[in-house]
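K.L.:
2 protein chains.
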Amino acid sequence: MILKLNSIYTMDCIDFLNKIDDGFADLAVLDPPYNMRKSDWDTFKSDKDFFDWTFSWIDVLLPKLKDTGSLYIFNTPYNCAFILQYLVSKKMKFQNWITWDKRDGLGASKRKYSNGQEAILFFTKSNRYTFNYEEIRVPYESVERMQAAEKTGILKNGKRWYPNPNGRFCGEVWHFTSERHKTKVNGKVQKLDHITPKPLDLVERIIKASSNEKDIVLDCFVGGGTTAVSAKKLLRNFICSDSKAEFVEAAKRKVKAL
Amino acid sequence: MILKLNSIYTMDCIDFLNKIDDGFADLAVLDPPYNMRKSDWDTFKSDKDFFDWTFSWIDVLLPKLKDTGSLYIFNTPYNCAFILQYLVSKKMKFQNWITWDKRDGLGASKRKYSNGQEAILFFTKSNRYTFNYEEIRVPYESVERMQAAEKTGILKNGKRWYPNPNGRFCGEVWHFTSERHKTKVNGKVQKLDHITPKPLDLVERIIKASSNEKDIVLDCFVGGGTTAVSAKKLLRNFICSDSKAEFVEAAKRKVKAL
């Protein structure tokens, strides 16, 4: 079986990756299981089993990235600590530990601080990678101050500085409302196609920053399809899979609707 | 030499820790070197040297915590990934990966997302530890909605819920302005006693949550004294040190001024 670009396959992630040529993808955006036991696809016999499996698909994935390629892996901060070490041991280049501050849906606890973040590891194969910092500027927070500064500038460490009309450089703590909370009705969360979709605007930021038009974006845990939809909107190519047919069907519908 | 409570010593951290009895401290709040090469005390020959040294003081520290004790270690996210793994291997109990979102002083970069966070690892010796969640509630963000809800309640997943007058549970992404940016004059950062002090209110949150009055708070990297000042204000006992005499002198002055 030969895989085609701009297709979404129902396959095990390792089977899918094995069918891809080495050096094929410009960007991999991966939201794998977190070992949270919230679904059958996210339940492992032990932490060791979970990490062994996680490192096994990473081993198959890394050669499929171009030497100029970038990699983003989502997970809990705890799991990302172990994944970061593994990627460093495989000689990948660490760029950022991105914190997705979800600011809602906090898992309330009386025995520790309430959970409310996910981590995203950003690594590259080499130092020759795409990073379109101009495409991902974010609005300044102090709006009035910046409007005034457009005329007169701001004194910063002895020099006069003028704001950029597109805003400031993008930092590594991201504030996006989770999809579950965007779609609440009367305070009640709605059932979505997938229980843990990533916000479209978050994935778009990644694709804008770390790829160019026509580049190939790979995602072997595409779930409800956010990576494929973002890639298509931004005129990138994609090659995606998920192990669950119902997610793949939902993802294909969303891509077709664009 | 016998160490006295509520004192700050100029000593190497390992020498200091070796003079402390096992099971002495209720809480350790540690802001060690980050291997950033910004000062002589933060410069190591290699990453391996840095981590070997870091793990060596951790080995001496852990027995000095009570079985009911808590531990907070600050560092860059990258370093915290390695430290987390080490603490897990030493059978400490992981509670939270706390993100301190600094929201200012971003290290601007055109080749990656701009740095603007630090990580704080929160671990405990056992499951029998202090966590005063009521003392650290934070104001709700949607103020008007909460004021209305005080009278009528809010419908949440089919039940009626009323706000707590002290706010919501504290999450694990913290937003405190760094000390450098609080003290800016005409856009210029001022020289502080120490180049990387932690905000007083951030350290107070830790001490309120993870200790009770009269408990012993340990800090062998006390720098400009924030841990000692916070502990004294909150009626805890402290035992602190730093390797640099000028920092210890500044810290002693601040504690005396209370």
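Keeping their order, the protein sequence lines are chains A and B.
Counted the way this note's numbering counts, the first sequence spans residues 13 to 270.
Counted the way this note's numbering counts, the second sequence spans residues 13 to 270.
Idealized CB from N, CA, C, for every residue including glycine.
Pull up the CB-CB distance for A/I125 and B/C182, whole angstroms please, since I reckon it's below 8 Å.
P.N.:
Your numbering for residue 125 of chain A matches position 113 in the first sequence. Your numbering for residue 182 of chain B matches position 170 in the second sequence. According to the sequence as given, residue 125 of chain A is Tyr; it is not Ile. That belief holds up - the Cβ atoms of A/Y125 and B/C182 are roughly 6 Å apart, short of 8 Å.
K.L.:
Quick check: is the beta carbon of A/V87 nearer than 9 Å to any beta carbon in chain B?
P.N.:
In the first sequence, counting from the first residue as 1, residue 87 of chain A sits at position 75. The residue you asked about is not Val; residue 87 of chain A is Asn in the sequence shown. Not one chain B Cβ lies under 9 Å of A/N87.
K.L.:
Helix, strand or coil for A/I14, going by three-state DSSP, please let me know.
P.N.:
For the purposes of this step, residue 14 of chain A is identified with residue 2 of the first sequence, where counting begins at 1. Note: A/I14 maps to coil in three-state DSSP.
K.L.:
From A/L212 to A/L246, what does the alpha carbon distance come to, in whole angstroms?
P.N.:
Translated into the one-based positions of the first sequence, residue 212 of chain A becomes position 200. Translated into the one-based positions of the first sequence, residue 246 of chain A becomes position 234. Spanning the two alpha carbons is a distance of roughly 12 Å.
K.L.:
Any residues in the stretch 118 to 131 of chain A with a beta carbon nearer than 8 Å to a beta carbon of chain B? Which ones, in chain order?
P.N.:
Answer set for the stretch 118 to 131 of chain A: L118, A120, S121, K122, R123, K124, Y125, S126, N127, G128, Q129, A131.
K.L.:
At the level of alpha carbons, what is the spacing between B/Y141 and B/T80?
P.N.:
The residue labelled residue 141 of chain B in the question sits at position 129 within the second sequence. The residue labelled residue 80 of chain B in the question sits at position 68 within the second sequence. Computed Cα separation, rounded: 5 Å.
K.L.:
Does chain B have any CB closer than 9 Å to the CB of A/I228?
P.N.:
Here residue 228 of chain A corresponds to residue number 216 of the first sequence, with the count starting at 1. No - not a single Cβ of chain B is within 9 Å of the one on A/I228.
K.L.:
Among B/D38, B/F259, B/R172, whose alpha-carbon lies nearest the alpha-carbon of B/S138?
P.N.:
Taking the second sequence and counting its residues from 1, one reaches residue 138 of chain B at position 126. For the residues B/D38, B/F259, B/R172, the minimum Cα distance to B/S138 belongs to B/D38.
K.L.:
Suppose you measure from the CA of B/K220 to the CA of B/E147; what does that come to, to the nearest Å?
P.N.:
Taking the first residue of the second sequence as 1, we reach residue 220 of chain B at position 208. Taking the first residue of the second sequence as 1, we reach residue 147 of chain B at position 135. B/K220 and B/E147: Cα-Cα distance of roughly 6 Å.
K.L.:
Using only the alpha-carbon positions, how far apart do B/P209 and B/W112 sit?
P.N.:
For the purposes of this step, residue 209 of chain B is identified with residue 197 of the second sequence, where counting begins at 1. For the purposes of this step, residue 112 of chain B is identified with residue 100 of the second sequence, where counting begins at 1. Each residue's Cα considered, the two are about 13 Å apart.
K.L.:
Along the chain, which unbroken stretches of the beta strand (DSSP E) at least 3 residues long are found entirely within the stretch 241 to 267 of chain B?
P.N.:
For the stretch 241 to 267 of chain B, whole beta strand (DSSP E) runs of length 3 or above, ordered along the chain, are 249 to 254.
K.L.:
With 9 Å as the C-beta to C-beta threshold (strictly closer), list the residues of the stretch 160 to 171 of chain B near chain A in chain order.
P.N.:
Here the close residues are I166, L167, K168, N169, G170.
K.L.:
Taking 9 Å as the threshold (C-beta atoms), are B/D34 and B/P89 in contact?
P.N.:
Counting from 1 along the second sequence, the entry for residue 89 of chain B is found at position 77. Counting from 1 along the second sequence, the entry for residue 34 of chain B is found at position 22. Against a cut-off of 9 Å, the Cβ pair of B/D34 and B/P89 comes out as no contact.
K.L.:
Where does B/L73 land, buried or exposed, given buried means 16+ other C-beta within 10 angstroms?
P.N.:
Walking along the second sequence from the start, residue 73 of chain B turns up at place 61. Label assigned to B/L73: buried.
K.L.:
Mind checking if B/N47 is an interface residue toward chain A, Cβ cutoff 9 Å exclusive?
P.N.:
Indexing the second sequence from 1 puts residue 47 of chain B at position 35. False, the Cβ-Cβ gap to chain A never drops below 9 Å.
K.L.:
Show which residues of chain B have a CB atom less than 7 Å away from the CB atom of A/Y145.
P.N.:
Within the first sequence, numbered from 1, the residue matching residue 145 of chain A stands at position 133. Here the neighbours are K122.
K.L.:
Are the CB atoms of A/N178 and A/L133 nearer to each other than 9 Å?
P.N.:
Locating residue 178 of chain A in the first sequence gives position 166, counting from the first residue. Locating residue 133 of chain A in the first sequence gives position 121, counting from the first residue. Result no, Cβ atoms of A/N178 and A/L133 do not sit closer than 9 Å.
K.L.:
Which ranges does the alpha helix (DSSP H) cover as unbroken runs of at least 4 residues, wholly within the stretch 74 to 145 of chain B, from first to last along the chain?
P.N.:
Runs found: 89 to 101.
K.L.:
Mark B/L99 as exposed unless 16 or more other C-beta atoms lie within 10 angstroms of its C-beta, in which case mark it buried.
P.N.:
Counting from one through the second sequence, the residue named residue 99 of chain B turns up at place 87. Buried, since its Cβ has 16 or more Cβ neighbours within 10 Å.
K.L.:
Using the Cα positions of B/K105 and A/T55, report the straight-line distance between them to the nearest angstrom.
P.N.:
Position 93 of the second sequence, counted from the first residue, corresponds to residue 105 of chain B. Position 43 of the first sequence, counted from the first residue, corresponds to residue 55 of chain A. Taking the straight line joining both Cα atoms gives about 21 Å.
K.L.:
For B/S68, which of B/F188, B/K102, B/I20, B/I110 has the nearest alpha-carbon?
P.N.:
As a first step, residue 68 of chain B is located in the second sequence; it is residue number 56 there, counting from the start. For B/S68, the nearest C-alpha among the options comes from B/K102.
K.L.:
Do you know how far the Cα of A/I20 is from the Cα of A/A269?
P.N.:
Reading the first sequence from its first residue, position 257 is the one you call residue 269 of chain A. Reading the first sequence from its first residue, position 8 is the one you call residue 20 of chain A. Answer to the nearest angstrom: the Cα atoms are 15 Å apart.
K.L.:
Would you please verify whether the beta carbon of B/C182 is less than 9 Å from any beta carbon of chain A?
P.N.:
What you label residue 182 of chain B is simply residue 170 of the second sequence in a count that begins at 1. It does: the Cβ of B/C182 has a partner Cβ on chain A nearer than 9 Å.
K.L.:
Anyone know if the C-beta pair for B/F135 and B/S82 falls short of 9 Å?
P.N.:
Counted from its first residue, the second sequence places residue 135 of chain B at position 123. Counted from its first residue, the second sequence places residue 82 of chain B at position 70. Yes, the pair counts as a contact, with Cβ atoms nearer than the cut-off.
K.L.:
To the nearest angstrom, how far is the alpha carbon of A/W53 from that of B/G236?
P.N.:
Here the question's residue 53 of chain A lines up with position 41 in the first sequence. Here the question's residue 236 of chain B lines up with position 224 in the second sequence. If I take the Cα positions, the gap works out to 49 Å.
K.L.:
Give every residue of the same chain whose Cβ lies closer than 8 Å to the Cβ of B/K264, excluding the five residues on either side of it in the sequence, and list them in chain order.
P.N.:
Here residue 264 of chain B refers to the residue found at position 252 when the second sequence is read from its first residue. If we look at B/K264 and ignore the five residues flanking it on each side, its Cβ neighbours are I20, G237.
K.L.:
Just to check, is the beta-carbon of B/W112 closer than 8 Å to a non-hydrogen atom of the ligand NAD?
P.N.:
No copy of the ligand NAD occurs in the structure displayed, which carries no ligand at all.
K.L.:
What would DSSP say about B/D231, mapped onto helix, strand or coil?
P.N.:
The count along the second sequence starts at 1 and reaches residue 231 of chain B at position 219. DSSP places B/D231 in strand when its eight states are reduced to three.
K.L.:
So what does DSSP say about A/T55, is it helix, strand or coil?
P.N.:
Looking up residue 55 of chain A in the first sequence gives position 43. It is coil, neither helix nor strand.
K.L.:
For A/V260, collect the residues of the same chain with a Cβ closer than 6 Å to its Cβ; drop the 5 residues on either side in sequence, then sort them by chain order.
P.N.:
Position 248 of the first sequence, counted from the start, is the residue given in the question as residue 260 of chain A. Same-chain partners within the cutoff: I20, T22, D254.
K.L.:
With distances taken between CB atoms, is the gap from A/L42 to A/I85 smaller than 9 Å?
P.N.:
Here residue 42 of chain A corresponds to residue number 30 of the first sequence, with the count starting at 1. Here residue 85 of chain A corresponds to residue number 73 of the first sequence, with the count starting at 1. Result yes, Cβ atoms of A/L42 and A/I85 sit closer than 9 Å.
K.L.:
Give the single residue among A/E258, A/A93, A/A262, A/F233 whose Cα lies nearest to the Cα of A/A40.
P.N.:
The sequence position of residue 40 of chain A within the first sequence is 28, counting from 1. Per the Cα distances, A/F233.
K.L.:
Within 9 Å of any Cβ in chain B, is that where the Cβ of A/D113 sits?
P.N.:
Here residue 113 of chain A corresponds to residue number 101 of the first sequence, with the count starting at 1. Cβ-Cβ to chain B under 9 Å: yes for A/D113.
K.L.:
Going along chain B, which residues have a C-beta under 7 Å from A/V185?
P.N.:
Taking the first residue of the first sequence as position 1, residue 185 of chain A is located at position 173. Chain B residues near A/V185: T111, D113, G128, Q129.
K.L.:
Quick one: list the residues of chain A neighbouring B/F94, beta-carbon separation under 7 Å, in chain order.
P.N.:
Here residue 94 of chain B refers to the residue found at position 82 of the second sequence. Ordered by position in chain A, the residues that pass the 7 Å Cβ test against B/F94 are Q97.
K.L.:
Going by DSSP in three states, A/K168 sits in which element: helix, strand or coil?
P.N.:
On the first sequence, position 156 is the one that residue 168 of chain A refers to. Strand at A/K168.
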